Amino acid sequence: MKTAEFIPLLLVAGSAVAAPSSKVSEAVTISGLSADQTNTTGWIEFILDDPNYQDVTGANIQWSIPGQPLADSRTEDGNYYVEFPGGVNDIGVFDLVITRVKGPEQISYTLNDNKNGGAPGSKWECITSVGSVTTEKCYYHGNITVVPSTSF
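Sequence positions in the sequence shown follow mature numbering (1 follows the signal peptide of the UniProt record, and there is no 0) and run -18 to -1, 1 to 134.
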């Protein structure tokens, strides 16, 4: 085989290996979602079940108020980034974005307590307790199931 014929063959083979696969086909489930907030600290925790990668992992993220969680906050196994675009000023209303570290898959979900479930269909319920420290606790009733989007 001549060198001129061999190089294009290598380029074709290399691009086939580097091409991203479309692995995402099943919905991801977020369960046990809850969040707490005081005047100084915020927390969120949940379990993520991603059947596309046979991955079940937890997340327990904490941050100082006012402020945002660390830029590269991750799930316990390190496979997913946990982000809050726009920050979290009130755990009753915020956007949650979960992105696979080694892949284009992303889950985006807006949590809104609609003033503590005042709107029909609201599953994100928040309760404020006033004592020596004011604490807001929110719980998602049920599971969030969504097919991840991809950036490709």
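Quick reminder that beta carbons are idealized off the backbone N, C-alpha and C, glycines included. Quick caveat: nothing in here was measured; it's all calculated off a predicted structure.
Same chain only: Cβ atoms within 6 Å of residue i, ignoring 5 sequence neighbours per side
i: proline 48; result: none
i: isoleucine 26; result: Ala17, Ile43
Sequence-distant residues of the same chain with beta carbon closer than 8 Å to residue i, five excluded per side
i: valine 83; result: Arg56, Gly60, Asn61, Tyr62, Tyr63
i: serine 76; result: Note that residue 76 corresponds to phenylalanine in the displayed sequence, not to serine. These residues qualify, in order along the chain: Phe66, Gly68, Gly69, Val70, Thr92, Leu93.
i: glycine 124; result: Lys105
Residue burial classification, residue i (beta-carbon count within 10 angstroms, cutoff 16)
i: isoleucine 109; result: exposed
i: glutamine 19; result: buried
i: aspartate 54; result: exposed
i: glycine 113; result: exposed
Beta-carbon proximity check, residue i vs residue j, cutoff 7 Å
i: serine 16; j: tyrosine 121; result: yes
i: alanine 41; j: threonine 127; result: no
i: tryptophan 45; j: glycine 14; result: no
Identity of the residue in the options nearest residue i by Cα
i: leucine 78; options: Thr22, Pro130, Ser7; result: Pro130
i: phenylalanine 28; options: Ser7, Pro86, Ile43; result: Ile43
i: lysine 119; options: Asn21, Thr11, Ser7; result: Asn21
Same chain, Cβ closer than 7 Å to residue i, neighbours up to 5 away in sequence not counted
i: serine 3; result: Reliability of the predicted coordinates at serine 3 is poor, the pLDDT of 48 falling under 50, and the value obtained from them is presented with this limitation in mind. Closer than 7 Å at Cβ, skipping near neighbours: no residue.
Residue i (DSSP reduced to helix, strand or coil)
i: asparagine 71; result: coil
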